[in-house]
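Residue numbers (our numbering): 1260 to 1494. Ideal placement from N, C-alpha and C gives every residue a C-beta, glycine not left out. Note sheet for the following structure.
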């Protein structure tokens, strides 16, 4: 889980700081694959599903390599849909593990953070798909050329300012599909935090209550009956 969360932080926070060269885009593709691999092993219990997600993730890396070294080939809508499917499975399994009954642990908190970052990253791929089909779907104040293939970091930035409802005004959706995605992401971003906090607090209170109920019945020497014979009072 720690490696899974670390790669998510790298992709969603540090990568948007720089304009990506060809080597940077290849590194981003590699980090995406490693995120899926570590996330699959950390959250998915079914071995067949785990290996299926890993295989698909590696195949997307191969497609990205071909797209970078062969200018005639570009990212396809099918590739983006496959990435969205893998990320959706990862989100579901992460939240399933995070919100399952049990005590609140540091791994559960890490899972909640990972789920939030996964949502923002998944939406960036969805925006990439929309722009692939409608190039002017999102307006940026600074004109960008070929955003889906060249600068996906700008879409990661746009996704997270939408998820957190910051909205600086330097980018906004224009196409109806992009607007619908933005509204859905903003709503999910607010509801996710409220639901996660409420669930973790509820689980913590339930665990505390269960321990309080069990506490008095825990064995201790003081609760054991005395093995000494009872005095009959005749001295």
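If you draw a straight line from the Cα of residue 1390 to the Cα of residue 1360, it is about 40 Å long. Boundaries of the alpha helix (DSSP H) around residue 1416: 1411 to 1422. In this structure, residue 1290 places its C-beta atom within 7 Å of the C-beta atom of residue 1266. By the CB criterion at 7 Å, residue 1303 and residue 1352 fall inside the cutoff. Cβ atoms of residue 1287 and residue 1336 stay farther apart than 8 Å, at about 19 Å. By the CB criterion at 7 Å, residue 1343 and residue 1384 fall inside the cutoff. In the DSSP assignment, residue 1350 falls within the unbroken alpha helix (DSSP H) covering 1336 to 1357. Residue 1448 holds the alpha-carbon nearest to the alpha-carbon of residue 1422 among 1462, 1399, 1448, 1442.
Take residue 1274, set aside five residues on each side of it, and the residues of its chain with a beta-carbon closer than 7 Å to its own are 1287, 1412, 1415, in chain order.
Of the residues assessed, residue 1310 falls on the exposed side of the cut-off, its CB having fewer than 16 other CB atoms within 10 angstroms.
Residue 1432 is bridged by DSSP to 1397. Inter-residue distance for residue 1368 and residue 1296 is about 20 Å (C-alpha atoms, whole angstroms).
When DSSP states are grouped into helix, strand and coil, residue 1307 belongs to the helix group. Around the Cβ of residue 1305, a 10 Å sphere holds fewer than 16 other Cβ atoms; the residue is exposed.
Assignment of residue 1381 by DSSP, reduced to helix, strand and coil, places it in the helix class. Annotated three-state conformation of residue 1426 is coil, per DSSP.
In this structure residue 1418 is buried. Its beta-carbon is surrounded by 16 or more other beta-carbon atoms within 10 angstroms.
A direct Cα-Cα distance of roughly 11 Å separates residue 1339 from residue 1322. Annotation for residue 1315: 1341, 1345 place their beta carbon closer than 7 Å to its own, counting only its chain and skipping 5 residues before and after.
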